[in-house]
Amino acid sequence: MRVAILDDEPAELRRVEQTLRQIPVTGEQAWMLHCFERGEDLLRQLRRETFDLLILDWQLPDISGLALLRWTREHMDVPPAAIMLTSRDTESDIVQALNAGADDYVSKPFRPNELMARVSAVLRRHGLQRAAATEILTFNDLEFDDAELTVTRAATPISLTEREYRLARCLFANLGRPLSREYLYERFWTHEEIVSSRPLDTHIYRLRNKLGLTADRGWQLLTIYGYGYRLESVATASE
Numbered sequence: 040m041r042v043a044i045l046d047d048e049p050a051e052l053r054r055v056e057q058t059l060r061q062i063p064v065t066g067e068q069a070w071m072l073h074c075f076e077r078g079e080d081l082l083r084q085l086r087r088e089t090f091d092l093l094i095l096d097w098q099l100p101d102i103s104g105l106a107l108l109r110w111t112r113e114h115m116d117v118p119p120a121a122i123m124l125t126s127r128d129t130e131s132d133i134v135q136a137l138n139a140g141a142d143d144y145v146s147k148p149f150r151p152n153e154l155m156a157r158v159s160a161v162l163r164r165h166g167l168q169r170a171a172a173t174e175i176l177t178f179n180d181l182e183f184d185d186a187e188l189t190v191t192r193a194a195t196p197i198s199l200t201e202r203e204y205r206l207a208r209c210l211f212a213n214l215g216r217p218l219s220r221e222y223l224y225e226r227f228w229t230h231e232e233i234v235s236s237r238p239l240d241t242h243i244y245r246l247r248n249k250l251g252l253t254a255d256r257g258w259q260l261l262t263i264y265g266y267g268y269r270l271e272s273v274a275t276a277s278e
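Structure representation (structure tokens):
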């Protein structure tokens, strides 16, 4: 889970970070927390990186959290989930933030258990956090079994390594959403593996072939030059 936390107070950043690390996550979705004290620094990263969740303070010395929230909704095809975490707590402030696209609003000083519950609820609504129960998901003719880490097509198993399965599952969970190389590397590879080869490109090539991610099967796995990849669902000739 890749989360950006924006707050100009270092102590508050640490408190939010420590709180989020207490939320249990499943499978490969370890918490990857990125802290920012300046809105400009976060905006720069949003232009070139992928995040699952933003936790935004409102009042900052440069770009306000509300302005950043509006920017994501206006300029990103699939903006990340966002929670405002701020000392501004009037009804008009809350309404303004929610109307701007915030998924939730938490007032400071925050209560850790409440923040954890609200973060988990927002992630569930966005399909970014699952319950522990076994889940089988179907995408066209592909069936993903998260318990067995297997993919089948017309009841025929497709041979994938565990990492290939998790990478494919991530791509399908984010259909239509551009995913940066940094985001994918951070989720599925250690630093030592990254510097020794180009494993992401190799895995993307294998998934295209093994899963048949081609237009005639209803898929298009696009390479976004200088950024990463995006899996899209496309109409087939028979539709």
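So in the working numbering, the last one in the sequence shown is 278, and the numbering has no gaps at all. Glycine included, every Cβ here is placed at the ideal spot set by N, Cα and C.
Reference residue i, options the options, closest by Cα
| i | options | result |
| --- | --- | --- |
| residue 59 | 101, 103 and 162 | 162 |
| residue 243 | 43, 196, 223 and 101 | 223 |
| residue 61 | 108, 142, 151 and 76 | 151 |
| residue 153 | 55, 138 and 50 | 55 |
| residue 208 | 195, 187 and 50 | 187 |
| residue 193 | 205, 202, 177 and 200 | 177 |
| residue 155 | 238, 124, 274 and 179 | 124 |
| residue 114 | 96, 95, 87 and 101 | 87 |
| residue 31 | 240, 247 and 126 | Here the chain has residues from 40 to 278 only, and residue 31 is not among them. |
| residue 92 | 237, 174, 205 and 158 | 158 |
| residue 247 | 237, 85 and 261 | 261 |
Straight-line Cα distance separating residue j from residue i
| i | j | result |
| --- | --- | --- |
| residue 217 | residue 269 | 5 angstroms |
| residue 133 | residue 98 | 14 angstroms |
| residue 105 | residue 146 | 14 angstroms |
| residue 259 | residue 271 | 5 angstroms |
| residue 49 | residue 74 | 9 angstroms |
| residue 110 | residue 78 | 11 angstroms |
| residue 44 | residue 165 | 18 angstroms |
| residue 191 | residue 221 | 29 angstroms |
| residue 83 | residue 181 | 37 angstroms |
| residue 184 | residue 203 | 13 angstroms |
| residue 70 | residue 251 | 31 angstroms |
| residue 52 | residue 257 | 43 angstroms |
| residue 200 | residue 253 | 21 angstroms |
| residue 40 | residue 130 | 31 angstroms |
Per-residue burial, residue i [other beta carbons within 10 Å of its own, 16 or more giving buried]
| i | result |
| --- | --- |
| residue 117 | exposed |
| residue 143 | buried |
| residue 136 | buried |
| residue 213 | buried |
| residue 89 | buried |
| residue 273 | exposed |
| residue 226 | buried |
| residue 219 | buried |
| residue 96 | buried |
| residue 267 | buried |
| residue 255 | exposed |
Beta-carbon proximity list for residue i, same chain, < 8 angstroms, skipping 5 on both sides
| i | result |
| --- | --- |
| residue 280 | In the structure as shown, the chain begins at 40 and stops at 278. Residue 280 is therefore absent and cannot be evaluated. |
| residue 140 | 108, 109, 111, 112, 118 and 121 |
| residue 198 | 249 |
| residue 275 | 254, 255, 256 and 257 |
Helix, strand or coil at residue i [DSSP, three-state]
| i | result |
| --- | --- |
| residue 123 | strand |
| residue 133 | helix |
| residue 142 | coil |
| residue 198 | coil |
| residue 159 | helix |
| residue 171 | Annotation note: pLDDT 46 at residue 171 (below 50); position unreliable, coordinate value reported separately. Looking at residue 171 - three-state DSSP - the assignment turns out to be coil, as it is neither helix nor strand. |
| residue 97 | coil |
| residue 61 | coil |
| residue 104 | helix |
| residue 150 | coil |
| residue 265 | coil |
| residue 184 | strand |
| residue 110 | helix |
Sequence-distant residues of the same chain with beta carbon closer than 6 angstroms to residue i, five excluded per side
| i | result |
| --- | --- |
| residue 76 | 47 |
| residue 211 | 178 |
| residue 126 | 147 |
Same chain, Cβ closer than 7 angstroms to residue i, neighbours up to 5 away in sequence not counted
| i | result |
| --- | --- |
| residue 72 | 42, 44, 56 and 59 |
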